[in-house]
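Right, one structure below, let's go through it.
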Amino acid sequence: MEPSAFETGVLLGVLIGEGHFGGDGKQPQVTVRMHLRHERLFGRLLAWCPGSRLYGPYHHGGRSYFQWMARGDVLRERLVPLLDALPLGEIDEHVFERYQAMKVKYGL
Numbered sequence: 126m127e128p129s130a131f132e133t134g135v136l137l138g139v140l141i142g143e144g145h146f147g148g149d150g151k152q153p154q155v156t157v158r159m160h161l162r163h164e165r166l167f168g169r170l171l172a173w174c175p176g177s178r179l180y181g182p183y184h185h186g187g188r189s190y191f192q193w194m195a196r197g198d199v200l201r202e203r204l205v206p207l208l209d210a211l212p213l214g215e216i217d218e219h220v221f222e223r224y225q226a227m228k229v230k231y232g233l
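Under the working numbering, the first residue of the sequence shown carries the number 126, and numbering increases by one thereafter.
The structure is reproduced here in structure tokens:
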């Protein structure tokens, strides 16, 4: 299912607001960690990014959350092109710097 322009905007907003851009030392990954009450949104992220994964629920440190992760083909073929098409540096300089650092570190 290809997301609509609105759905793509929601996806990008979630990534800008909640996304972590990094990796495990071997491969890049984008991670979103949010409270259990956002389970329906995580379902949408899975539908919009086939190949991404949802982990959890986790309960520790007084928090209950899911963790969504995109790496491998879904990261390279879906998320990187979407983020590269945005003027991230103009929207959020901090997110832009983290995203660029991930790309440099992992040769994206």
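Virtual Cβ for every residue (Gly too), placed ideally from N, Cα, C.
For clarity, every value in this text was computed on a predicted model and none was experimentally measured.
Whose C-alpha, out of ARG162, GLY147, PHE191 and GLY186, is nearest the C-alpha of VAL229?
Closest by alpha carbon: GLY147.
Going by other Cβ atoms of all chains shown within 10 Å of its Cβ, with 16 needed for buried, is GLN152 buried or exposed?
exposed
Close-in-space but distant-in-sequence residues of the same chain around MET159 (CB under 7 Å, 5 per side omitted)
GLU143, TYR190 and PHE191, listed in sequence order.
Taking only three categories from DSSP, how would you classify ALA172?
helix
Where do the N-terminal and C-terminal ends of the beta strand (DSSP E) with ARG178 fall, by residue?
178-185
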